[in-house]
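Using the numbering used here, read the sequence shown as starting at 16 and increasing by one per residue.
No residue lacks a Cβ here, since even glycine has one placed at the ideal position from N, Cα and C.
For clarity, every value in this text was computed on a predicted model and none was experimentally measured.
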Amino acid sequence: MLFSNALIGLREGLEAVLVVSILVAFLVRTERRRALPLVWGGVAVAVALSVAVGALLTYTAATLSFEAQEAFGGTASIIAVCFVTGMIFWMRRAGRTLAAQLRGQLDEALRLGPVAVATVAFLAVGREGMETAVFFFSSVQSAGGGTALPLLGFLIGIALSIVLGALLYVGAVRINLSKFFTATGVLLVFVAAGVFAYGVHDLQEASVLPGLNTLAFDVSAYVPPTSWYGALLKGIFNFSPQTTVLEAVIWVGYVVIVLPLFLRPHRGATRPASIRTGEAK
16 MLFSNALIGL REGLEAVLVV SILVAFLVRT ERRRALPLVW GGVAVAVALS VAVGALLTYT
76 AATLSFEAQE AFGGTASIIA VCFVTGMIFW MRRAGRTLAA QLRGQLDEAL RLGPVAVATV
136 AFLAVGREGM ETAVFFFSSV QSAGGGTALP LLGFLIGIAL SIVLGALLYV GAVRINLSKF
196 FTATGVLLVF VAAGVFAYGV HDLQEASVLP GLNTLAFDVS AYVPPTSWYG ALLKGIFNFS
256 PQTTVLEAVI WVGYVVIVLP LFLRPHRGAT RPASIRTGEA K
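Laid out in structure tokens, this is it:
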């Protein structure tokens, strides 16, 4: 649970930090520093709204009956998988032109006025924040409550992303962002597959989907949920020692379809993608 949430926090956080770095670097480089408070204001609103969405989801689930909670949590897990899947493919596709797109949007916003500038920053960061809020809620539901590991994992990942983003901005470190996002994308495919399967299990417990008692396998005697390795598999991949047939089909189907699509070569790609943020130097 700690690792998978830290991975999500790192991935989402770094994307958001890179976006903000690009916007800030553009304003500094073009001598438009007076617009910086507008960017930070848009970022602050996006973060506050994301926290509010996470709190609302948690409060809503707490007021429901058991079956309604399972249905709500299962639906949220599947939505989180859709967000994460879209995220890894979006960065794979947009990473090569992200900086140019953001600079063009901000340049146009500067001509329109202060509200437009704040809106660009809000939309750029808000997308990542909303995805993180839904995935965080799904992780809390998966953990079953009573543990701070999901929150701790997200905070660690986001903190690392901020540090890494700051180092990239000032030029203190250089990493191949294309390889970084590819490696984390592969890991996230397996994490998302586990969340997808867990969401299906929740819907089975809510009697929305059939097959709750039809098991594909039961290895609880060999992988006890209370063991360290059982907890590790649960925390990273949402692995359940007692997996239903439908869960297994969903997990395998997701990985078999999404992983090859994600790893397929870019059409016409001749060099690794990179995003330069520290152009203000």
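Round the Cβ separation of residue i and residue j to the nearest angstrom and send it over; I've been treating them as touching at under 8 Å.
{"i": "residue 210", "j": "residue 139", "result": "Going by Cβ atoms, the distance from residue 210 to residue 139 rounds to 25 Å, so no, they are not a contact pair."}
{"i": "residue 180", "j": "residue 36", "result": "6 Å"}
{"i": "residue 99", "j": "residue 146", "result": "7 Å"}
{"i": "residue 57", "j": "residue 133", "result": "4 Å"}
{"i": "residue 277", "j": "residue 104", "result": "7 Å"}
{"i": "residue 214", "j": "residue 80", "result": "The Cβ separation is near 18 Å, so there is no contact."}
{"i": "residue 61", "j": "residue 141", "result": "4 Å"}
{"i": "residue 82", "j": "residue 221", "result": "5 Å"}
Just curious, the alpha helix (DSSP H) that residue i is in, first and last residue?
{"i": "residue 277", "result": "260-278"}
{"i": "residue 324", "result": "Past the edges of the chain, shown from 16 to 296, lies residue 324, and the structure says nothing about it."}
Taking the alpha carbon of residue i as the reference point, which residue from the options has its own alpha carbon closest?
{"i": "residue 273", "options": "239, 220, 203", "result": "203"}
{"i": "residue 119", "options": "105, 135, 129, 201", "result": "135"}
{"i": "residue 157", "options": "259, 261, 255", "result": "255"}
{"i": "residue 259", "options": "89, 276, 270, 212", "result": "212"}
{"i": "residue 279", "options": "237, 197, 248, 216", "result": "197"}
{"i": "residue 149", "options": "106, 97, 261", "result": "97"}
{"i": "residue 229", "options": "201, 267, 216", "result": "216"}
{"i": "residue 219", "options": "90, 66, 57", "result": "90"}
{"i": "residue 264", "options": "226, 247, 235", "result": "226"}
{"i": "residue 235", "options": "101, 257, 129", "result": "257"}
{"i": "residue 248", "options": "221, 208, 275", "result": "208"}
{"i": "residue 107", "options": "261, 195, 222", "result": "195"}
Can you list, in chain order, the residues of its chain with a C-beta nearer than 6 Å to that of residue i? Leave out the 5 residues immediately preceding and following it.
{"i": "residue 64", "result": "none"}
{"i": "residue 251", "result": "18, 19"}
{"i": "residue 54", "result": "38, 136"}
{"i": "residue 76", "result": "84, 87"}
{"i": "residue 239", "result": "245"}
{"i": "residue 206", "result": "19"}
{"i": "residue 72", "result": "152"}
Once you ignore the five residues that flank residue i on each side, which residues in its own chain have a CB closer than 7 Å to its CB?
{"i": "residue 295", "result": "Summary for residue 295: the model assigns pLDDT 41, below 50, so the residue's position carries little reliability, and this model does not support an answer."}
{"i": "residue 175", "result": "25"}
{"i": "residue 22", "result": "172, 199, 202, 203, 206"}
Starting from residue i, follow the beta strand (DSSP E) in both directions and report where the run begins and ends.
{"i": "residue 232", "result": "230-233"}
Between which residues of its own chain and residue i is the CB-CB distance below 8 Å, once the five residues before and five after are set aside?
{"i": "residue 131", "result": "123, 124, 125"}
{"i": "residue 293", "result": "Note that residue 293 scores 49 on pLDDT, short of 50, meaning its location in the model is unreliable and no value can be drawn from it."}
**Message:** I'd like the ranges of any alpha helix (DSSP H) spanning at least 4 consecutive residues and lying wholly in the segment 89-157.
**Reply:** For the segment 89-157, whole alpha helix (DSSP H) runs of length 4 or above, ordered along the chain, are 113-127.
**Message:** Could you tell me which whole alpha helix (DSSP H) segments of length 4 or greater appear in the segment 167-200?
**Reply:** Runs of the alpha helix (DSSP H) lying entirely within the segment 167-200 and spanning at least 4 residues: none are present.
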